[in-house]
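Presented below is the structure to which this report refers.
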Amino acid sequence: RYEEAKIHAPPSYLREALEWIATEKEKYEKFEAGLTAIEILFRKRAVGWNEVGVSALRTLIHLEDRFATQGFDNTVLRSMVAIVVGQPSQLAPFLAETVFERNVAVKQRYLITSVLVNAARELAGVDDNGMKTMVTPYKEYDFMQPQTSKGNDSVHQPDWMRVVSQRVRANTRLFSIRPASEASSEQKKTIENRFARIADRFVLPLLKSRVGDHLELTGRDIPLLVRILYTACELLTLAENSPSVTRIALNLTSSVESLRYHEDPAVREVVVAAYFASAIVLPDETLAVECKPWLHYCISRINDGEEGERGRKLADQTIKIILMRLRLDETAELD
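The numbering of the sequence shown is our numbering, which starts it at 1 and goes up by one.
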């Protein structure tokens, strides 16, 4: 990129770093020094960290990679996550609302959903195997690039669904399908889930019913709709033992009600994913009351000859999880 790389001394203050990335147009080394410093300064809670969160997020959302910086997208993602985890109750709703703003590009909307998921995972304290960790570097999620072509079964199953499914099959997942007394001493080692108490601040703003005439979420903007709903599903599965988990789950399943027979298979699949996520986290008594129409819908997906293989497998998996949660077998009558 350059014959001789230059190094600039890092900024001493947050506001200085933010000014550098916002205004520097000529010196790439100054821009990159400022960008690299932002995550570090927020993690250290440098002076003003709790005063500039919103403005810092806005700057990063709209920041241009004007010097073709190596690892630019990942650095921006990491920086935004560091900002959000410092003040999640205030900043998560702001980001969720920003997803729907008129002056935000599609790539930026996708970035925001990735930030919300990564911040929630850090606050929940789990990695892909359910163990406490710090995800470094923050990865991109394959499921965040939904395909919506009819009959397309090439989309990978979302990471969070694969992980939860593995836990269910092994009967060792973090959620209480079996009595705690049966769990091993290793499984009994729990970690604080800081996300649980504020999960509604992340999820509910994503489920707003009115988004403005600049977006057509059930039309031309279907990929964004699918992405948002998958994000909400994963956030819900991270809300283990949240006092608001029932409200979140029922809001999610209500939000997908009108999408159950959408012509796009990706939309129908995310409806099933919403039932899957809700079945994982709802209390037994609530699940027993709510699950009947979910089961009927999943059965209809399996029996629909036009449904793709992926959609049928997802529906079958969801049925099995619901029946397992309710301790029923597959011969149980639904009526």
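Just so you know, even glycine gets a beta-carbon here, dropped at the ideal spot from N, CA and C.
Should residue i go down as buried or exposed, given a rule of 16 or more other Cβ atoms within 10 Å for buried?
{"i": "Leu-14", "result": "buried"}
{"i": "Pro-293", "result": "exposed"}
{"i": "Pro-137", "result": "With a pLDDT of only 38 at Pro-137, under the threshold of 50, the placement of this residue in the model should not be trusted; the figure read from the coordinates follows. With fewer than 16 Cβ atoms within 10 Å of its Cβ, Pro-137 is classed as exposed."}
{"i": "Asn-193", "result": "buried"}
{"i": "Val-245", "result": "buried"}
{"i": "Asp-284", "result": "exposed"}
{"i": "Ser-12", "result": "exposed"}
{"i": "Ile-321", "result": "buried"}
{"i": "Tyr-261", "result": "exposed"}
{"i": "Ser-24", "result": "Sequence inspection shows Glu at residue 24; the Ser mentioned does not correspond to that position. Buried."}
{"i": "Asn-303", "result": "exposed"}
{"i": "Leu-123", "result": "buried"}
{"i": "Gln-317", "result": "buried"}
{"i": "Ser-79", "result": "buried"}
{"i": "Lys-30", "result": "buried"}
{"i": "Met-134", "result": "At Met-134 the pLDDT is 42, less than 50, meaning the model places this residue with poor confidence and gives no usable figure here."}
Could you give the DSSP three-state label for residue i: helix, strand or coil?
{"i": "Ile-7", "result": "coil"}
{"i": "Ala-124", "result": "helix"}
{"i": "Lys-107", "result": "helix"}
{"i": "His-347", "result": "The question about residue 347 has no answer, for the chain in this structure spans 1 to 335."}
{"i": "Leu-326", "result": "coil"}
{"i": "Thr-336", "result": "It is not possible to answer for residue 336, since the shown part of the chain is limited to 1 through 335."}
{"i": "Ala-266", "result": "helix"}
{"i": "Val-115", "result": "helix"}
{"i": "Arg-15", "result": "helix"}
{"i": "Ser-242", "result": "coil"}
{"i": "Lys-208", "result": "coil"}
{"i": "Phe-276", "result": "helix"}
{"i": "Phe-94", "result": "helix"}
{"i": "Thr-69", "result": "coil"}
{"i": "Pro-283", "result": "coil"}
{"i": "Arg-310", "result": "helix"}
{"i": "Tyr-261", "result": "coil"}
Give the single residue among the options whose Cα lies nearest to the Cα of residue i.
{"i": "Leu-207", "options": "Trp-49, Leu-123, Ile-322, Leu-252", "result": "Leu-252"}
{"i": "Asn-241", "options": "Ser-278, His-8, Lys-107", "result": "Ser-278"}
{"i": "Val-289", "options": "Leu-250, Ile-7, Asp-65, Gly-48", "result": "Leu-250"}
{"i": "Arg-45", "options": "Glu-24, Ala-274, Gln-87", "result": "Gln-87"}
{"i": "Phe-276", "options": "Val-99, Met-324, Pro-265", "result": "Met-324"}
{"i": "Glu-39", "options": "His-62, Asn-303, Ala-56", "result": "Ala-56"}
{"i": "Leu-225", "options": "Lys-6, Trp-49, Gln-90, Ser-258", "result": "Ser-258"}
{"i": "Val-84", "options": "Thr-237, Ser-254, Val-256, Leu-116", "result": "Leu-116"}
{"i": "Glu-26", "options": "Val-270, Lys-6, Gly-219, Phe-42", "result": "Lys-6"}
What residue range does the alpha helix (DSSP H) around residue i cover?
{"i": "Gly-86", "result": "72-86"}
{"i": "Arg-58", "result": "53-61"}
{"i": "Gly-34", "result": "28-43"}
{"i": "Arg-201", "result": "199-203"}
Report yes or no: is there a C-beta of chain B within less than 8 Å of the C-beta of residue i?
{"i": "Arg-247", "result": "Of the protein chains in this structure there is only one, and it is not chain B."}
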